[in-house]
Structure formats: structure tokens, C-alpha cells
Amino acid sequence: MKAALPEIFIDTPEQYDECCTQLESEVLIGFDTEFIGEQSYNPELCLIQLSTEQSLYVIDPIALGDIKKLWSILLDPEKTVIVHSGREEARMARAATGKMPLHFFDLQIALGLIGYHYPISYAGMVRDTLRIRLHKSETLTDWSKRPLSDRQLAYAFDDVRFLIPIYRKVERKLKKIHRQEWLKDEWEKYCQKAVRDNKETERWRKIKGVGNLDRRQLAIAREVYEWRESRAESLNRPSRFLLRDDLILEIARRTPRSPKDLETLRGISSRDTEQLYQAYLRGMEIPEDKLPKVTPREPDLDEYTWVVQIFSAVMASICKQNSLHPALVATQSDLKWLVKSFKSKKTTGDSILLKGWRRDLFYQTFQDLWDGRQAMRLKREKRGFSIECTKVGD
525 MKAALPEIFI DTPEQYDECC TQLESEVLIG FDTEFIGEQS YNPELCLIQL
575 STEQSLYVID PIALGDIKKL WSILLDPEKT VIVHSGREEA RMARAATGKM
625 PLHFFDLQIA LGLIGYHYPI SYAGMVRDTL RIRLHKSETL TDWSKRPLSD
675 RQLAYAFDDV RFLIPIYRKV ERKLKKIHRQ EWLKDEWEKY CQKAVRDNKE
725 TERWRKIKGV GNLDRRQLAI AREVYEWRES RAESLNRPSR FLLRDDLILE
775 IARRTPRSPK DLETLRGISS RDTEQLYQAY LRGMEIPEDK LPKVTPREPD
825 LDEYTWVVQI FSAVMASICK QNSLHPALVA TQSDLKWLVK SFKSKKTTGD
875 SILLKGWRRD LFYQTFQDLW DGRQAMRLKR EKRGFSIECT KVGD
């Protein structure tokens, strides 16, 4: 059964001002967005959905234009703004205001911290917490087209309808098991990653295969990548429409003597070869001591694969005992970095398991297993088995 709240669609300045006045007095606000990004460099914000304990709002930013006042309200740290998988909402808030919304309450993360599946979809979250089934029929809709259909509006209202009721359940559980600070820590890391993914950081290092380049080739790849991004942003076109990632790597590996040499690469437009050649030359002119460093590869631990597998099983068992979802705690890559840190006897390494609440909960068990101070055994339970770690000799 749906919560019977008034549903208000806002596409005029008068409605918008009235909505903002109401929101200023609210403490809890549910927040979601709809956007499209397939045909442009920056995602186009098409809808903003909000919920309070009194009303549901769908706001049309395309019709309104200036919505600075709304962003100011949502960035008020005195309010609790509830999101589900809110990385895009955080990015948009930062793009609009220059600030990261560190006070947002992300239900997807919070649910993982109390034992629900992670990452859980919005429909899955509503089903598992409120026993309500949603029909997500508009996931591929074009939100930029107007007018919006009744089905689109119903979908948009449903996307925030249940955020506050779920928040109340989840927040009580988090408080009961003293994990509010864990959530804040996870959301801050979530926001930091959103910043790292932004254009002022080394996003070029995410190109598949870039780790196989030497330092000079990395410098060339970086210059070509930065040219592509600047050009794509100025045209507001998707980056890969202008130049594919694999072509960036190919230019970095080659030694062209002129722009004409680049014309032989299939997928490069002849109108871009001069600028691409200039980017190549910029990479070649960078002094040796200024070249980008080669990114450390994931540790090659073939002989320790079984240790990683054991640690993974132990981690899953500890998660089960502590109502956590393992996928929120660590990846296989994180476990490999942990094994590498034990192997090198450095316990302040790159693994996320050596930091914060994860270290408090998991580190000592892993260290004792590595050092042989603890042994493992299967413990039969009513439903299956768990892994029990005990001191050697017990």
C-alpha cells in the first residue's frame, strides 16, 4: 500500500517558491534525480524528486532554469537529506554549489551496514524493508522530453515516496548497534571517490590497458586524454564519441613524425590529427623527472591465492555474525592488498581492511591467522555452517 501523501508537480516559478518555503522548515527530506547523459559531456538534470513527511514533489528544472535556492536548502547541514545510491546526487550538488553534501544519509550504504544485500536496488530496498513491490517500468525513459506522461510522473513520485519511512526503520537499527559513525565514514569515502572521479583528478589512469604503458607513454596518453576531455566539454559531446580509449593508447605507443601519420589509425577524424599530434608532442617534451609515475599493479599473489580465498570465507563469516554485507566490507582486490601487507610486514598498507572500523573488526583475526596464532574450524548451525576462529591449542 502506498503512503497517501499529496503529489505536487512543480514547473512554474510561483510553485517553486512555495515549495522552497515549505522545504526550509523541514528537517527530513527525501531526494532523488532523473537525468540523461548518453548524448552529452555533462549529465542533463531532467527532474528532481523530493519527499517530506507531508508531501511529495516532482520539480521540473528544465522548465524552471534557476534552482539555486533549492540546492542551498538541500546543502543545509542542519537537515537530513535521504538518498538511495546517492553518488550522482552528490556530484550534481557539488557541481551546482561547489560543496560536497557530507550530511546526506544514503540508505543503500546504511542497509549494507545492518546486514541487507549490498548494493541493493531501490525496488529491492522497498520490498525487503516495507514488503511493498514496485513495478519499475520507466527505467529507460527519456526524461528530457516534455510533456511527461502520467506513468513517468507516477514512477518519479514512487522514487521518493518510501525514503523517509525506510529511513526511520534503518536509522533506529543503526543507532541500536552504534553504527551511525560507520555510515558517516562510508558516505565521506563515497563523496571522496566522486571527487576523485571528477575531471581535476587523474581519470585518464582509468583507461583500460594504461597500466601497460611506460612513463613516457603515460605522459603522451595523459596529454591526448586531456585534449579529448577539453574538446568534448566545449562541444558538450560524450568523450568517446570524439576519440575512443583504445586510440589514446595507440597514439601513446606510436612514434608519429607528422599529423599525417595519425590518419592511418581507423577511428581518428582527419580534422583532429593536427591537435592530436600537438598533444603527442607535449607529452614528448615533458622532462624525465616530471613524467607520471607508473601505477602500482594489483599484487601478483598466485602462490597465495588460497590465503585470499580463506580470508574471504573468514570475512564472510564475521560479516554474518555482525550483520554486515561482505560486498560493502571489501573486494577480492582489497583482500589481496591485505595479504601483500602481511607478506611485506607493513600493516599500514593500501588495503581498506587496514583502516577505520574495518581494521577494528577484522584485522586482528586476519593477523592471527597469518601468524599461526589462530586456527579455523567449521561450526554447525541451524542453517548451514559458519567459520569459527580459535586460539591454537584450544
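Numbered according to our numbering, the sequence shown spans residues 525 to 918. For each residue, glycine too, the CB sits at the ideal point set by N, CA and C.
- According to the DSSP assignment, Ala899 belongs to no alpha helix (DSSP H) but to the beta strand (DSSP E) extending over Gln898 to Arg904.
- Between the C-alpha atoms of Phe686 and Glu747 there is a straight-line separation of about 46 Å.
- Counting C-beta atoms within 10 angstroms of its own C-beta, Ser794 has fewer than 16 neighbours from the protein chains shown and is therefore classed as exposed.
- Between the beta-carbon of Gly554 and that of Ile606 there is about 5 Å, and that keeps the pair under the 8 Å contact cut.
- Taking the CA atoms as reference points, Thr855 sits about 25 Å from Phe628.
- Looking at the backbone, the Cα of Glu827 and that of Glu612 are separated by about 40 Å.
- By the 16-neighbour rule on beta-carbons within 10 angstroms, Ala587 is exposed.
- Val650 and Leu658 have their alpha carbons spaced roughly 8 Å apart.
- The alpha-carbon of Asp738 is positioned some 22 Å away from that of Ser782.
- For Asp584, the CB contacts under 6 Å within the same chain, skipping 5 residues up- and downstream, are Asp535 in chain order.
- Ser865 has its alpha-carbon roughly 26 Å from the corresponding atom of Ile731.
- Comparing alpha carbon positions, the residue from Leu893, Ile792, Thr604 and Ile772 closest to Val832 is Leu893.
- Straight-line measurement puts the Cα of Lys817 at about 9 Å from the Cα of Arg740.
- In this model, Asp770 and Ile810 are separated by some 22 Å (Cα to Cα).
- In the DSSP secondary-structure assignment, Asp556 is bridged to Gln573.
- Per DSSP, Ser841 is one residue of the alpha helix (DSSP H) stretching across Thr829 to Gln845.
- Going by DSSP, Thr604 is part of the beta strand (DSSP E) stretching over Thr604 to Val607.
- Nearest to Tyr565 by C-alpha distance, out of Ala634, Ser758, Arg777 and Ala803, is Ser758.
- In the DSSP assignment, Leu580 falls within the unbroken beta strand (DSSP E) covering Leu580 to Ile583.
- Annotation: Thr621 to Leu599 spans about 8 Å, alpha carbon to alpha carbon.
- Per the coordinates, the alpha-carbon of Ser910 lies some 22 Å from the alpha-carbon of Trp881.
- Of all alpha-carbon atoms in Gly589, Leu547 and Ile633, the one lying nearest the alpha-carbon of Lys603 is that of Leu547.
- Look at Asp769 here: in three-state DSSP terms it is helix.
- DSSP lists Val607 as the bridge partner or partners of Asp630.
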